[in-house]
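Visitor:
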Amino acid sequence: MSTSTTEVPAWLTANVRPAGSFGRADVARLRALLGALSMSASLVVLDLAAVRLRSGHAADAIDEAGWELERRGGCLLCINADDDARARLGGCRHAVVVGPGEPTPVS
Numbered sequence: 007m008s009t010s011t012t013e014v015p016a017w018l019t020a021n022v023r024p025a026g027s028f029g030r031a032d033v034a035r036l037r038a039l040l041g042a043l044s045m046s047a048s049l050v051v052l053d054l055a056a057v058r059l060r061s062g063h064a065a066d067a068i069d070e071a072g073w074e075l076e077r078r079g080g081c082l083l084c085i086n087a088d089d090d091a092r093a094r095l096g097g098c099r100h101a102v103v104v105g106p107g108e109p110t111p112v113s
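Residue numbers for the sequence shown follow our numbering, so the first one is 7 and each next one is one higher.
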């Protein structure tokens, strides 16, 4: 029997699906959740199908979490982003944003 000394790194993937309308008052909870996940997960999939981002502060929270994940070799993937969400997240440099039905990037 042969054993390999090369180990495949373990990944933790978190799927998050917020729902409702996120304005300035709701951003603290979103920031706290994404902050905690970005410290322990390898990949965070943020499904935006059921959410409306009403505040630029939400985009900032998403970008900050993306930066933390990226810094540790991970990724924040925002899926099902409608035109409004894509416009709000257009300035994010550390999150991958894809619309409904669009293919997700393959690494």
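Just so you know, even glycine gets a beta-carbon here, dropped at the ideal spot from N, CA and C.
Rounded to whole angstroms, how far is the Cβ of W104 from the Cβ of A87, which I believe are closer than 8 Å?
Guide: Translated into positions along the sequence shown, residue 104 becomes position 98. Translated into positions along the sequence shown, residue 87 becomes position 81. Reading the sequence as shown, one finds Val at residue 104 and not Trp. Confirmed, Cβ separation roughly 7 Å.
Visitor: Assign V14 to buried or exposed, taking buried as 16 or more other Cβ atoms, counted over all protein chains shown, within 10 Å of its Cβ.
Guide: By 1-based counting over the sequence shown, the position of residue 14 is 8. Looking at its Cβ environment, which holds fewer than 16 other Cβ atoms inside 10 Å, V14 is exposed.
Visitor: In whole angstroms, what separates the C-alpha of A25 from that of V57?
Guide: To locate residue 25, count along the sequence shown from 1; it is residue 19. To locate residue 57, count along the sequence shown from 1; it is residue 51. Spanning the two alpha carbons is a distance of roughly 5 Å.
Visitor: If you draw a straight line from the alpha carbon of L4 to that of R30, how long is it in whole angstroms?
Guide: Nothing in the structure corresponds to residue 4, since the chain is present only between 7 and 113.
Visitor: So the alpha helix (DSSP H) D90 belongs to, where does it begin and stop?
Guide: Here residue 90 is taken as the residue at index 84 of the sequence shown, counted from 1. First-last of the alpha helix (DSSP H) with D90: D89 to R94.
Visitor: Taking the continuous alpha helix (DSSP H) assigned at V104, which residues delimit it?
Guide: What you label residue 104 is simply residue 98 of the sequence shown in a count that begins at 1. No alpha helix (DSSP H) holds V104; DSSP gives it neither H nor E.
Visitor: Give the C-beta separation of A20 and A47 to the nearest angstrom, bearing in mind that I take them to be a contact with Cβ-Cβ under 8 Å.
Guide: The residue given as residue 20 occupies position 14 in the sequence shown. The residue given as residue 47 occupies position 41 in the sequence shown. Beta-carbon to beta-carbon, A20 and A47 are separated by about 4 Å, close enough to satisfy the 8 Å threshold.
Visitor: DSSP beta-bridge partners for N21?
Guide: Stepping through the sequence shown from its first residue, residue 21 is reached at position 15. According to DSSP, which records beta bridges pairwise, N21 is partnered with V51.
Visitor: Report the rounded CA-to-CA distance for G97 versus T12, giving the unit in angstroms.
Guide: Mapped onto the sequence shown, residue 97 falls at position 91. Mapped onto the sequence shown, residue 12 falls at position 6. Using only the alpha carbons, I get a separation of about 39 Å.
Visitor: State the DSSP-derived secondary structure class of S46, mapped to helix, strand or coil.
Guide: In the sequence shown, residue 46 corresponds to position 40, counting from 1. Residue state, collapsed to three classes: helix.
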